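S.K.: Protein sequences appear in the order of chains A and B.
Numbering (my numbering) for the first sequence: 71 to 270.
Numbering (my numbering) for the second sequence: 33 to 210.
Quick one: structure below, then a few questions.
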Amino acid sequence: MNLGCLIFYSSNMKCVLCLVALFAFFSNAVIADDTTAKLILIKEVLNDIITEGNDLSVQYSLFNIGDGPATDVELADSDFHESEFELVSGMTSVKWERIGANSNVSHVVVVKPLKASAFNSTSAVVQYVASEGAEPTFGFSDELGELSIISATEYKRLHASHVWEWFLFSVFCIPSLLLPYLLHFTSKSKYNALSAKKKH
Amino acid sequence: MAPKSNFSKEEELLLQDFGRGLSAKSSAIFYFHAFIVSTVPLYLFSNIQQMFICENAILFGIGTIVSMYFISFAYKNNKFELKHKIAQKRGDGVSAEIHAAVADMDGNKKVSKKEKDERILWRKNEVAEAESIQLAVFNTNATFLAILIFLAFLIFKNYAPTPYPFRLQLVQNIILTS
């Protein structure tokens with residue numbers, strides 16, 4: 071009888087343990103619904119050469135690598151002051167209502183540098199709500215460091231094709247090169263012909 | 033006191049024809065061409081190197097004057113060397129021209145051999161003078177511009193702060209020694 075009771079109690083324990091294990095598994099599943107977003111902000115300059123008076127394109131890419139959606143996303147970049155840059159297109163402060171998990175968004179701002187100088191680019195800031203009811207989370211982009219903005223004069227000197235200038239220069243050289251040579255050649259031809267005629 | 037050696041009229045004429053001296057007309061041609069070839073590269077410096085003429089007026093002015101002097105000096109040297117070579121080559125052609133001209137003249141008027149030879153010599157000198165001037169201008173200009181463009185826009189393209197005088201001086205020294 072004692073043995074029977076032992077067997078009964080051990081099988082009951084096994085059932086209880088199975089029930090506890092199942093409960094733990096599903097409770098984890100319930101906890102997994104409470105997910106958080108994690109945003110990565112990448113800031114990059116699309117231009118190879120930054121020139122005064124020419125458009126400068128800056129791209130901001132937001133990647134949500136978290137499990138949940140990011141809501142109330144606000145991106146702000148205070149690098150481009152009105153005194154030094156003219157805003158051509160895009161906005162330096164942008165809002166997205168929701169960025170889903172494992173998705174990304176991008177935004178391009180085009181500005182025009184007004185001065186030729188070294189420009190220190192700092193990080194852009196992103197604020198978002200990582201999960202429902204949570205406090206806003208802040209994130210920062212990569213720093214681009216010191217960017218060199220060259221003057222329009224320097225850009226023309228280094229990178230313009232100058233085809234028209236070389237063509238005009240060759241035209242200006244005609245009186246100095248072509249005319250003297252033609253005069254000499256004409257005289258030479260004339261006396262060579264006379265000399266050949268005399269020999270015959 | 034040593035007696036002065038005065039050249040005869042004929043000797044002076046020979047010196048004038050075969051010496052290094054230039055006539056007023058030749059000098060004017062040389063300075064005109066030297067001015068043109070010295071100022072034409074300024075267009076390249078202002079439009080390609082972005083050395084604006086207003087900002088670099090003094091530098092360009094001095095460079096142009098110095099360049100004109102050295103280029104005309106190079107013209108003179110080059111012309112002297114070319115004249116003798118050209119005179120030798122044009123001998124046959126010039127004598128053919130003079131003989132044809134004499135033959136076209138009035139048959140009664142006979143021209144002596146001495147006069148013919150003098151005419152040939154004079155004409156040969158004239159033709160050699162003209163051709164040597166033109167060829168000297170062409171050779172010197174072509175050399176100057178080629179070396180200037182090579183140095184200014186290839187070798188010393190990014191030389192700062194004022195590449196203009198350095199390159200010009202180098203080119204002029206090269207031409208002068210050539």
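Virtual Cβ for every residue (Gly too), placed ideally from N, Cα, C.
Note that the coordinates shown come from a computational prediction; the quantities given were computed from them, not determined experimentally.
1) Identify every run of the alpha helix (DSSP H) within the region 203-233 of chain A, keeping only runs that are complete inside it and at least 4 residues long; order them along the chain.
2) Have a look at the DSSP bridge pairing and note the partners of W236 of chain A.
3) Quick check on H142 of chain A: does DSSP put it in helix, strand or coil?
4) Closer than 8 Å by beta-carbon distance: list the chain B residues that pair up with H254 of chain A, in chain order.
5) Give, in chain order, every residue of the region 81-95 of chain B whose Cβ lies closer than 8 Å to some Cβ of chain A.
6) Spatial neighbours of E156 of chain A within its chain, please: CB distance less than 7 Å, with the 5 preceding and 5 following residues excluded, ordered by chain position.
7) At a Cβ threshold of 9 Å, is S58 of chain B touching chain A?
8) What are the start and end residues of the beta strand (DSSP E) that includes H177 of chain A?
9) Put V143 of chain B into one of helix, strand or coil per three-state DSSP.
10) For a test of the three-state rule: what should DSSP assign to A102 of chain A, helix, strand or coil?
11) Look up R151 of chain B in the DSSP assignment and say whether it is helix, strand or coil.
12) Below 8 Å CB to CB, which residues in the same chain sit around T71 of chain B once its five sequence neighbours on both sides are set aside?
13) Using C-beta distances below 8 Å, list every residue in its chain close to F84 of chain B, excluding the 5 sequence neighbours before and after it, in chain order.
14) Tell me the rounded alpha-carbon separation between G53 of chain B and Y75 of chain B.
15) Could you name the residues of chain A that L177 of chain B contacts, counting a contact when the two beta carbons are closer than 7 Å?
16) Bridge partners of V115 of chain A, per DSSP?
17) Take every Cβ of the region 135-149 of chain A, pair it with every Cβ of the region 193-200 of chain A, and state whether three or more of those distances are shorter than 8 Å.
18) What residue range does the alpha helix (DSSP H) around F62 of chain B cover?
19) Taking C-beta to C-beta, are N174 of chain A and L116 of chain A nearer than 9 Å?
20) So if I threshold CB-CB distances at 8 Å, which residues from the region 144-163 of chain B count as touching chain A?
21) With a cut-off of 9 Å, does the C-beta of Y63 of chain B fall near any C-beta of chain A?
22) Could you give the first and the last residue of the continuous alpha helix (DSSP H) run that contains E154 of chain A?
23) Use the C-beta contact count for A65 of chain B: other C-beta atoms within 10 angstroms, 16 or more gives buried, fewer gives exposed.
24) Between which two residues does the alpha helix (DSSP H) harbouring K108 of chain A extend?
25) Taking the beta carbon of D149 of chain A as the centre, do at least 16 other beta carbons fall within 10 Å, making it buried, or is it exposed?
26) Kindly list, in the order they appear in chain A, the residues whose Cβ is closer than 7 Å to that of L15 of chain B.
27) Provide the residue span of the alpha helix (DSSP H) that contains A314 of chain A, from first to last.
28) If distances are taken between C-alpha atoms only, which option among B:T172, B:F182, B:L167, B:K111 comes closest to Y251 of chain A?
29) If we cut at 9 Å on Cβ distances, does N262 of chain A have a partner in chain B?
30) Going by Cα to Cα distance, which pick from B:K156, B:E158, B:I80 is closest to F239 of chain A?
31) I need the boundaries of the alpha helix (DSSP H) containing I103 of chain B, first residue and last residue.
M.R.: According to the data block:
1) 222-229
2) None; W236 of chain A has no bridge partner.
3) According to the sequence shown, residue 142 of chain A is Asp rather than His. Reduced to three states, the DSSP call for D142 of chain A is strand.
4) E163, Q166, L167, F170
5) Q81, Q82
6) V181, K182, L184
7) no
8) 174-183
9) coil
10) Low confidence applies to A102 of chain A: its pLDDT is 45, below 50, so where it sits in the model is not reliable, and the reading given next is rough at best. A102 of chain A falls in the helix class under three-state DSSP.
11) helix
12) T96
13) S78
14) 33 Å
15) C243
16) A:V128
17) yes
18) 56-79
19) no
20) V159, A162, E163
21) no
22) E154 of chain A -> no alpha helix (DSSP H), and no H or E assigned at all.
23) A quick correction: the sequence has His, not Ala, at residue 65 of chain B. Looking at its Cβ environment, which holds 16 or more other Cβ atoms inside 10 Å, H65 of chain B is buried.
24) Premise fails: K108 of chain A is in no alpha helix (DSSP H) and is neither H nor E.
25) buried
26) Any question about residue 15 of chain B goes unanswered here, given that chain B covers just 33 to 210.
27) Not covered by the structure: residue 314 of chain A. The range shown for chain A is 71 to 270.
28) B:L167
29) yes
30) B:I80
31) 89-121
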